[in-house]
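The numbers in full-length UniProt numbering rise by one with no breaks, and the one at position 179 of the sequence shown is 179.
Don't be surprised by glycine CBs; every beta carbon is placed ideally from N, CA and C.
All values derive from a computational prediction rather than experimental measurement.
In what follows, a structure is listed as structure tokens, so that the remarks can point back to it.
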Amino acid sequence: MADKRASASSSQQVTKRARVEDEDASNAQSMIVASDGRSGTKSQQLIRTVQRTSALKAPIMCLEGHAAEVLDVKFNPTGEKLASVSADRTINLWNVYGDCENYGVFRLKSAAVTIEWSPNPSSHLIVCSCADGTLNSFDAVSGERLKRHRAHTGVVNAIDITRGTGLERIVSGGDDGFVRVWLVETKESIEEIDMGYPITAVRWSQDSQQIYIGGIDNDIHVYDLRKSEIAFTLRDHSDTISGLSLSPQGSHLLSSSFDNTCKVWDVRPFAPITNVDDPSQNPRLTRTLYGAPAGHDQYLRKPCWDSTGKRCAIGAADRTVVIWNVASGEVAYKLPGHAGTVTSVDWLPNAPVIASSSTDKKIYLGETDPAK
């Protein structure tokens, strides 16, 4: 009888068990992906060697702990910790390596919308925005709530913290149509910009002298804090801006929109005055990226760059993570796994690992090949 069962499943048996050989020496994983069904010997099995590209416990790790959709996820500057926020009114803190333990939970008074770590590696500051119009800052080590910033009268959709050294400032944008600038140490905003319509995305420039602002007018406005005016506007999207991300070099801005595209913009001070690929296009537009549908649920999906600036990514309504090669504009990966819209993605700063959050209440950490 055993022989008959083996024969019936000939060449179709798939064994999922992975076995690691000489991991310390080669960091490679040998996996049995198919068998002829007659013998367990290596000579009659198809063996594939998967080269590991990080120190994660496994190539894919699933993190579960939230009770509602996860709306944002971010690695800390050292890549050792991960923070996530959810409509369940919590911030969850996770270890990136080992078993990815959920080692901390901060409870909030309303749904958390987005989360940011201080870019300073020696700082343990995390800031989140909430649906009740507040910003909340915490010490990620002690668990102490540092400040609760109040000024917005609607949902705070986006925040960012200044890069580099010096006095840290926070920028926020919300449904009340205001962009506000805050000092970490103070509860009151030090500057406000009335845009007159709901703001859905904000991001600091590399030198923290300008703010990139996206909203429901479909455009990205570059506001100069020194002159208190809009320096220039990036126009090409045909629907609401859902997210913004600045490249590691600070030279290019990645934008996502409800129009099902992502766009890469040259935001250097002396950008070309003519678009070499299409003179009719905005001269600062360098790439339009396709393949990541926004869907009809209108989640503010947040894009990101990898640490090299050669790849960028965003989550999609088709439950995948889409990764592009920026130079070519081609899709490099379309990663499945989630059971709902992927709301946010973030790259590990020191390894080719991408984190993704979703409406399915789960977070995935997944290895990719190094950028070339």
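Where residue i falls: helix, strand or coil (DSSP)
| i | result |
| --- | --- |
| H296 | coil |
| R19 | Residue placement at R19 is flagged as unreliable, the pLDDT there being 42, under the threshold of 50; the coordinate-derived value follows with that caveat. The answer is strand: DSSP assigns R19 an E or B state. |
| L183 | strand |
| D72 | strand |
| S30 | Interpretation of S30 is limited by its pLDDT of 46, a score under 50 that renders its predicted location unreliable; the figure taken from the coordinates is listed afterwards. Of the three classes helix, strand and coil, the one that applies to S30 here is strand, per DSSP. |
| R5 | The pLDDT assigned to R5 is 38, lower than 50, so where the model puts this residue is not dependable; a value taken from the coordinates is nonetheless given after this. Residue state, collapsed to three classes: helix. |
| A112 | strand |
| D24 | Reliability of the predicted coordinates at D24 is poor, the pLDDT of 43 falling under 50, and no value is obtained from them. |
| K334 | strand |
| K361 | coil |
| R235 | coil |
| D369 | coil |
| F258 | coil |
| G40 | At G40, the pLDDT of 49 sits below 50, so the modelled position is not reliable; the number obtained from the coordinates is stated separately. G40 falls in the coil class under three-state DSSP. |
According to DSSP, residues forming a beta bridge with residue i
| i | result |
| --- | --- |
| D266 | H252 |
| R107 | T90 |
| residue 377 | Any property of residue 377 remains undetermined from this structure, which presents the chain solely from 1 to 372. |
| S142 | None, per the DSSP bridge assignment. |
| L56 | Paired residues: none, contrary to the question. |
Where the beta strand (DSSP E) containing residue i begins and where it ends
| i | result |
| --- | --- |
| S129 | 125 to 130 |
| D194 | 189 to 194 |
| L225 | Segment: none, L225 is in no beta strand (DSSP E) and carries neither H nor E. |
| A67 | Here A67 belongs to no beta strand (DSSP E), and DSSP marks it neither H nor E. |
| T286 | 285 to 289 |
| V342 | 342 to 347 |
| N136 | 134 to 139 |
| S172 | 169 to 174 |
| V321 | 321 to 325 |
Beta-carbon spacing of residue i, residue j below 7 Å
| i | j | result |
| --- | --- | --- |
| V202 | V171 | yes |
| L234 | W265 | yes |
| S84 | V353 | no |
| A317 | G291 | no |
| S228 | T162 | no |
| residue 388 | T288 | Any property of residue 388 remains undetermined from this structure, which presents the chain solely from 1 to 372. |
| S255 | I211 | no |
| L300 | T200 | yes |
| S344 | V113 | no |
| G214 | I193 | no |
| D224 | N282 | no |
Open item on the list: Under 8 Å: do the stretch 179 to 195 and the stretch 146 to 159 share three or more Cβ pairs, one atom per stretch?
Closed with: yes
Task: At least 3 beta-carbon pairs within less than 8 Å: the stretch 56 to 73 vs the stretch 324 to 334 - done: no
TODO: Pair every Cβ in the stretch 138 to 145 with every Cβ in the stretch 156 to 163, then say whether three or more of these pairs are closer than 8 Å.
DONE: no
- [ ] Assess, as a yes-or-no matter, whether the stretch 337 to 344 is touched by the stretch 360 to 372 under the definition of 3 or more beta carbon pairs within less than 8 Å.
- [x] yes
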